[in-house]
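Following: one structure in structure tokens, then a few remarks.
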Ligand SMILES: Nc1nc2c(ncn2[C@@H]2O[C@H](COP(=O)(O)OP(=O)(O)OP(=O)(O)O)[C@@H](O)[C@H]2O)c(=O)[nH]1
Ligand SMILES: [Mg+2]
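Residue numbers (the working numbering): 3 to 366.
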């Protein structure tokens with residue numbers, strides 16, 4: 003087993019993917035919800051293996067609430083654990099006396115605490131998450147390993163369906179200049195490399211130069227491109243989606259003014275029976291402020307999002323605001339972009355990569 007840069011052993015704990023990839027934003031879960039129940043997702047080679055791991059990590063009293071098969075043939079189980087149970091489990095493995103009342107010891111987590119402060123997390127977030135991580139610690143586990151695994155498994159990873167005969171319309175939405183167009187082109191390059199039939203379309207047709215820029219990228223990828231006007235009905239025909247595996251739909255920045263049009267787009271596409279499915283991803287810049295993140299999320303809160311993309315992680319060593327925001331929303335992460343280069347720097351999100359971001363402020 004290898005150690006990653008923050009001494010987190012790669013292991014098989016990962017966020018569960020819901021059977022339906024689309025999610026509604028979970029707006030600010032109340033602290034009551036958080037305090038009542040902890041949900042953990044544990045992955046194993048098969049159901050038996052996953053259950054054994056869950057039992058080992060979270061105790062006999064943890065309640066299995068769901069299980070599902072993953073694309074690589076494994077199984078992920080979701081288990082619920084009440085804080086009292088977690089406290090009991092932590093203490094039974096140590097002294098055994100007064101289990102539920104005993105406070106978990108986090109004095110060994112100073113190095114983790116310092117790392118998290120450097121990445122920009124605030125003290126309250128740090129202490130509460132250190133406690134949650136420490137509750138499920140196993141004997142002899144290094145605090146950095148424990149926290150890396152814990153926090154990686156707190157993120158949800160976006161599911162990217164690939165159904166033969168169904169065209170996926172992948173739309174990137176978000177604030178101006180966050181990297182929507184660049185991200186779609188990088189994604190397009192991955193699809194082309196994987197020999198998928200790619201189409202491109204843009205709703206950003208009013209801004210000077212935007213259509214020409216996107217057309218240039220489409221030519222570079224060898225993909226046909228459609229420029230759509232704001233009042234155009236968005237169908238598989240107008241989007242040029244027929245016969246394509248995927249159509250990459252660019253949108254214009256400035257969240258608030260896009261929202262009505264995108265809501266109409268969702269309605270139009272969901273009403274259609276033609277084989278096309280829309281996956282909308284909200285794009286966040288890693289250096290965005292907490293208020294900007296809240297604003298854009300609010301603007302699109304009625305949309306059914308498939309997940310989010312984090313861009314520009316190369317521009318900051320303190321991505322705490324965006325990571326906290328995503329965790330709070332429970333929004334699945336699809337990709338992480340760390341550079342301007344179109345051919346590189348667009349990675350599929352994984353629990354390990356997100357743990358790197360939390361603990362190091364960068365990906366390795
Ligand atoms: N450093 C860095 N720059 C990026 C990244 N992604 C995009 N950019 C740059 O950010 C700038 C804006 O990118 P765009 O893709 O045009 O952003 P957009 O969201 O489409 O912008 P609008 O269409 O104007 O709303 C460009 O200079 C990109 O090269 C990234 O991951 N890292
Ligand atoms: Mg753009």
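Think of the CB as a built atom: it goes at the ideal place given N, C-alpha and C, for glycine as much as any other residue.
Residue range of the beta strand (DSSP E) that includes residue i
i, result
"residue 70", "65-71"
"residue 312", "309-313"
"residue 251", "248-252"
"residue 201", "200-204"
N- and C-terminal bounds of the alpha helix (DSSP H) containing residue i
i, result
"residue 176", "Segment 169-176 is the beta strand (DSSP E) holding residue 176; no alpha helix (DSSP H) there."
"residue 60", "49-60"
C-alpha gap between residue i and residue j, whole angstroms
i, j, result
"residue 189", "residue 48", "32 Å"
"residue 427", "residue 314", "A question about residue 427 goes unanswered here, because the residues of the chain that appear run from 3 up to 366."
"residue 294", "residue 254", "17 Å"
"residue 2", "residue 301", "This structure leaves residue 2 out entirely; the chain is present only between 3 and 366."
"residue 65", "residue 153", "20 Å"
"residue 79", "residue 67", "8 Å"
"residue 56", "residue 144", "19 Å"
"residue 25", "residue 351", "Because residue 25 carries a pLDDT of 45, less than 50, the predicted location of this residue cannot be relied on, and no value is offered for it."
"residue 186", "residue 241", "15 Å"
"residue 330", "residue 282", "19 Å"
"residue 366", "residue 199", "31 Å"
Environment of residue i [buried if 16+ CB atoms lie within 10 Å]
i, result
"residue 321", "buried"
"residue 184", "buried"
"residue 357", "buried"
"residue 107", "exposed"
"residue 126", "exposed"
"residue 130", "exposed"
"residue 182", "buried"
"residue 166", "exposed"
"residue 59", "buried"
"residue 222", "exposed"
"residue 346", "exposed"
"residue 206", "buried"
"residue 164", "exposed"
"residue 353", "buried"
"residue 197", "exposed"
"residue 112", "exposed"
Reduced DSSP secondary structure (H/G/I, E/B, other) of residue i
i, result
"residue 128", "helix"
"residue 44", "strand"
"residue 337", "strand"
"residue 348", "strand"
"residue 214", "helix"
"residue 282", "strand"
"residue 228", "strand"
"residue 184", "helix"
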